[in-house]
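Position 53 of the sequence shown, counted from 1, bears residue number 53 in the UniProt record's numbering, the numbering being contiguous throughout. All residues carry an ideal CB built from backbone N, CA and C; glycine is no exception. Worksheet: the structure to be examined is printed underneath.
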Amino acid sequence: FGVPNKIVADNASNFSSREVISFCYEYGITLAHASDYYPQGNGQAESSNKNLVTIIRKLVDENQRMWHKSLYDALWADRITPKRSLGMSPFQVLYGTDAELPISAELPALSLARAIEDETFQSSLERRIMYLVELEEKRVKVVDRITKHQNQ
1 FGVPNKIVAD NASNFSSREV ISFCYEYGIT LAHASDYYPQ GNGQAESSNK
51 NLVTIIRKLV DENQRMWHKS LYDALWADRI TPKRSLGMSP FQVLYGTDAE
101 LPISAELPAL SLARAIEDET FQSSLERRIM YLVELEEKRV KVVDRITKHQ
151 NQ
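Written out as structure tokens, the structure is:
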């Protein structure tokens, strides 16, 4: 995580504005532009869009004109689905935990309720520190997997 070395963007005017160019210069970011006639150059976006289209088709079924009403559900489904290149879902990479489905938020697990009742401040603090250590280890593994995936 941090400042990227390079940003590849399309040729839209918002990526060639003075503000964007100044921002990139200030942070040492190389701004590159993709070819207009080679959309495959952005393979990751193309792959993500293909996944979203597949999910939306399954959600809208026969009423294809209503695809826009299923877009947020499709994005949510895609973001909580584990990716082979990451070894976990994008949601887990960003937040360090599995996504909490709406029904889970309304009905807390019995084990969680018991843990909260029995936990002292010290044990709560120790549990939180262990969680943060495990989270950092997971993030390091994700970075390693992404690096290996990009070097293939």
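Residue i classed as buried or exposed, judged by whether at least 16 other C-beta atoms fall within 10 angstroms
i: Ile-55; result: buried
i: Ser-47; result: exposed
i: Glu-137; result: exposed
i: Ser-16; result: exposed
i: Ser-70; result: buried
i: Asn-5; result: exposed
i: Ala-74; result: buried
i: Lys-148; result: exposed
i: Lys-141; result: exposed
i: Lys-83; result: buried
Assumed close pair residue i, residue j - CB separation to whole angstroms, cut-off 8 Å
i: Leu-101; j: Val-93; result: Actually they do not touch by this definition, with Cβ atoms about 18 Å apart.
i: Arg-61; j: Ala-34; result: What sits at residue 61 in the sequence shown is Asp, not Arg. Not a contact, Cβ separation roughly 34 Å.
i: Val-3; j: Ile-29; result: 7 Å
Interface flag, residue i vs chain C, CB-CB below 8 Å
i: Gln-152; result: Included in the structure is just one protein chain, with no chain C present.
> Is there contact between the region 128–137 and the region 65–79, where contact requires at least three CB pairs shorter than 8 Å?
Replying inline: no
> Which residue spans inside the UniProt domain "Integrase catalytic" (1–98) form an unbroken alpha helix (DSSP H) run of at least 4?
Replying inline: 18–26, 43–60, 71–80 and 90–95
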